[in-house]
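A.B. asks: Numbering (my numbering), first residue to last: 144 to 305.
Each residue gets a CB set at the ideal place from its N, CA and C atoms; glycine is no exception.
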Amino acid sequence: MIPLRDNVPTRTFPVVTVGLIVANAIVWFWELKNPGVDYHVAKDGYYPCTFHGPCEAVQIGGTVFRHHLAWWEGAFTCMFMHGSWIHILGNMLFLWIFGNNVEDALGKVRFLLWYLAAGLAATALQTFVTLQFGTVRDASIPNIGASGAIAGVLGAYILLLP
């Protein structure tokens with residue numbers, strides 16, 4: 144069952160949570176523009192191979208991408224990119240439901256830092272698993288989405304509001 148709300152009131156308006164939702168939405172609508180989501184994901188997603196090469200070329204339509212963002216750029220940008228409407232709507236629903244309470248408990252700055260740290264930690268774990276157990280081809284598949292950051296928000300919610 145997918146939650147649509149919680150019953151924990153907040154003391155303040157969740158400025159950071161709303162800001163993150165708006166930022167994700169802006170990036171999503173940018174991805175939808177020509178040449179499309181697949182192109183933007185291939186161009187601006189995070190590739191584990193950029194941390195510790197080599198990277199294979201990625202072809203989307205007629206475009207071949209040989210150069211990817213630096214690992215630290217991709218690790219940040221991938222947290223705001225999504226691959227489908229279901230992907231972004233699911234992530235933003237969970238951020239809206241649980242993020243406001245975590246933001247209220249942590250404060251605005253600490254919540255933003257927690258969100259970004261959780262997203263980067265998820266990217267680091269994915270990179271480790273891919274490089275340790277995957278192939279060069281696996282490491283050349285772009286990683287995108289706010290799911291790691293959202294998982295961090297859910298974890299904080301469970302710990303802070305049991």
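Hey, could you find the ends of the alpha helix (DSSP H) Val184 is sitting in?
C.D. replies: Looking at the DSSP string, the run of the alpha helix (DSSP H) that includes Val184 is Val180 to Asp187.
A.B. asks: Per DSSP, what are the beta-bridge partners of Phe241 in this structure?
C.D. replies: Answer is none; Phe241 lacks a bridge partner.
A.B. asks: Can you tell me where the alpha helix (DSSP H) holding Ile301 begins and where it ends?
C.D. replies: Per DSSP, Ile301 belongs to the alpha helix (DSSP H) from Ser290 to Leu303.
A.B. asks: Which same chain residues end up closer than 6 angstroms to Asp187 when comparing Cβ atoms and leaving out the 5 residues on each side of it in sequence?
C.D. replies: Thr220
A.B. asks: To the nearest angstrom, report how far apart Ala248 and Leu303 are at their CA atoms.
C.D. replies: Distance between the alpha carbons of Ala248 and Leu303: 7 angstroms.
A.B. asks: How should Val201 be labelled, buried or exposed, when 16 other C-beta atoms within 10 angstroms of its C-beta is the threshold for buried?
C.D. replies: The residue is buried, with at least 16 neighbouring Cβ atoms inside 10 Å.
A.B. asks: Answer yes or no: do Thr193 and Ala168 have a C-beta to C-beta separation smaller than 9 angstroms?
C.D. replies: no
A.B. asks: By the three-class DSSP mapping on this structure, what secondary structure does Asn177 have?
C.D. replies: coil
A.B. asks: Ordered along the chain, which non-local residues of its own chain (more than five positions away) have a Cβ less than 7 angstroms from that of Ala218?
C.D. replies: Tyr189, Leu263 and Thr266
A.B. asks: So, for Arg209: in the same chain, excluding its five sequence neighbours on each side, which residues have a beta-carbon less than 7 angstroms away from its beta-carbon?
C.D. replies: Ala200
A.B. asks: For Gly242, count neighbouring Cβ atoms within 10 angstroms of its own Cβ and tell me buried if that reaches 16, exposed if not.
C.D. replies: Per the 10 Å Cβ criterion, buried.
A.B. asks: Take Ala292 as the anchor and find which of Thr270, Leu255 and Pro285 has the nearest alpha-carbon.
C.D. replies: Here the closest residue by C-alpha is Leu255.
A.B. asks: Between Arg148, Ala185, Lys251 and Pro197, which has its C-alpha nearest His225's C-alpha?
C.D. replies: Ala185
A.B. asks: Within 10 angstroms of its Cβ, does Asn150 collect 16 or more other Cβ (buried), or is it exposed?
C.D. replies: exposed
A.B. asks: Does the distance from the CB of Gly245 to the CB of Trp228 come in under 9 angstroms?
C.D. replies: Per the sequence shown, the amino acid found at residue 245 is Val instead of Gly. No.
A.B. asks: Helix, strand or coil for Ile231, going by three-state DSSP, please let me know.
C.D. replies: helix
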